[in-house]
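Asker:
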Amino acid sequence: MNTVDERSTPVTPAPRKTLPISFVLLSGLGALSLAAGVVGLVAPEIAPPLASSAVAWSLIGVGLIMDVIAFTQLMTARVATRRS
24 MNTVDERSTP VTPAPRKTLP ISFVLLSGLG ALSLAAGVVG LVAPEIAPPL ASSAVAWSLI
84 GVGLIMDVIA FTQLMTARVA TRRS
């Protein structure tokens with residue numbers, strides 16, 4: 024007996040909340056830059072091209088900037104989904 028209640032409405036699944044791809048890429052590349060800079064400062068024998076303090080600090084700066092941009096994109100996407 025398949026009876027359908029005409030008063031019931033079909034259940035639609037909630038849209039999946041996914042992270043913006045730009046956030047994922049920027050965050051990952053920022054983390055890699057930060058890690059490379061820290062390796063250059065802390066353990067220069069592991070990666071001699073990163074041993075220069077100018078290179079290491081530049082990588083740390085670029086990594087921080089990329090992570091800040093990624094965080095800003097994440098918060099912007101979150102605010103946009105809350106408003107809709």
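Under my numbering, read the sequence shown as residues 24 to 107, first letter to last. Glycine included, every Cβ here is placed at the ideal spot set by N, Cα and C.
Using 8 Å for Cβ pairs, my map puts Ala-70 next to Gly-63. What's the rounded Cβ distance?
Answerer: Yes, they are in contact, since the Cβ atoms of Ala-70 and Gly-63 sit about 6 Å apart, within 8 Å.
Asker: Quick check: the Cα distance between Met-98 and Leu-57, rounded to an integer number of angstroms?
Answerer: Each residue's Cα considered, the two are about 21 Å apart.
Asker: Beta-carbon separation of Ala-54 and Gly-84 under 9 Å?
Answerer: No, Cβ-Cβ distance for Ala-54 and Gly-84 is not below 9 Å.
Asker: Looking at Gln-96 and Leu-52, is the spacing between their C-beta atoms short of 9 Å?
Answerer: No, the Cβ-Cβ distance between Leu-52 and Gln-96 is not below 9 Å.
Asker: Excluding the five sequence neighbours on either side, which residues of its own chain have a C-beta within less than 8 Å of the C-beta of Thr-104, listed in chain order?
Answerer: So the qualifying residues of the chain are Lys-40.
Asker: To which residues of the same chain is Phe-46 closer than 6 Å at the C-beta, ignoring the five residues directly before and after it?
Answerer: Closer than 6 Å at Cβ, skipping near neighbours: Ala-93, Gln-96, Leu-97.
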